[in-house]
Structures are given as C-alpha cells and as structure tokens.
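Residue numbers (our numbering): 1 to 139.
Structure follows, in structure tokens:
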C-alpha cells in the first residue's frame with residue numbers, strides 16, 4: 001500500500017514534469033521565434049540605416065554641388081554689377097559728350113549765321129563799291 005502511494009506520487013510527479021517540460025519547450029520555441037524575428041528586424045533596420053546613410057551622402061553631394069553653383073552665380077552677379085557700373089559711367093560720358101556736341105553745334109550755327117550776315121553785308125558793300133567804281137568811270 002505504501003508502495004502504491006509512492007508509485008502514484010512518482011506518476012503524478014512524472015506527469016507534472018512532462019507538462020512542465022512541454023511548457024518549457026513551448027516557451028523556448030516562442031523565444032526562438034521572437035529572437036529570429038528580432039534578428040530579422042535588426043537586419044532590416046541595418047539595411048534601412050545603410051540606405052539612409054547612402055541617401056544622406058547623396059544629399060550632401062547634391063548640396064555641395066548646389067553650393068558651388070550658388071557661388072558661381074554670386075560671382076557672375078558681382079561681374080554683372082561691375083559691368084553695370086562701367087556701363088553707367090560710359091553712358092554718363094556719352095551724355096556729357098552729346099551735350100558738348102550740342103553746345104558746339106549751337107556755337108557753329110551761331111557762327112554760320114554770323115558768317116551769313118557778314119557775307120550779306122560784304123555783298124552789299126561789294127555792290128555799293130561796284131556802283132561807285134562805275135560812277136567814277138562814267139564821270
């Protein structure tokens with residue numbers, strides 16, 4: 001009878017051990033699956049990080065090219081500004097020269113008018129002189 005009680009206890013213990021072993025195996029399987037999923041997620045994350053690093057490098061390179069182009073544009077703008085200042089100075093010189101030419105033209109026109117008046121007076125004097133000479137020849 002004592003042996004039967006001990007045997008029942010041993011069987012009960014064996015059953016509980018078997019159930020516990022099964023539970024442990026299930027837990028291990030679940031942990032392995034979770035670990036594999038975590039490892040895959042880490043690999044995927046590493047791949048995404050590598051792609052992000054590559055895209056960052058590409059963006060940095062593009063920004064560097066943009067910076068160079070902006071510098072070139074700034075240089076061209078400075079040249080354009082300098083050329084504009086020079087053109088403004090030339091335009092001012094041209095305006096001064098045109099004013100000077102205009103003044104000279106007015107003076108020339110006045111001089112021409114004076115020459116015309118003097119020529120007319122000279123023609124009148126020549127006519128009077130011709131009449132006086134003719135008067136003395138006739139007389």
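For glycine and all other residues, C-beta sits at the position ideal for the given N, C-alpha and C.
{"Query": "Residue 20 versus residue 49: straight-line alpha-carbon distance, rounded", "Result": "42 angstroms"}
{"Query": "Backbone CA spacing between residue 81 and residue 44 [nearest angstrom]", "Result": "54 angstroms"}
{"Query": "C-alpha gap between residue 109 and residue 85, whole angstroms", "Result": "36 angstroms"}
{"Query": "Assigned secondary structure, residue 16 (DSSP; H/G/I helix, E/B strand, else coil)", "Result": "helix"}
{"Query": "Residue 132 versus residue 106: straight-line alpha-carbon distance, rounded", "Result": "39 angstroms"}
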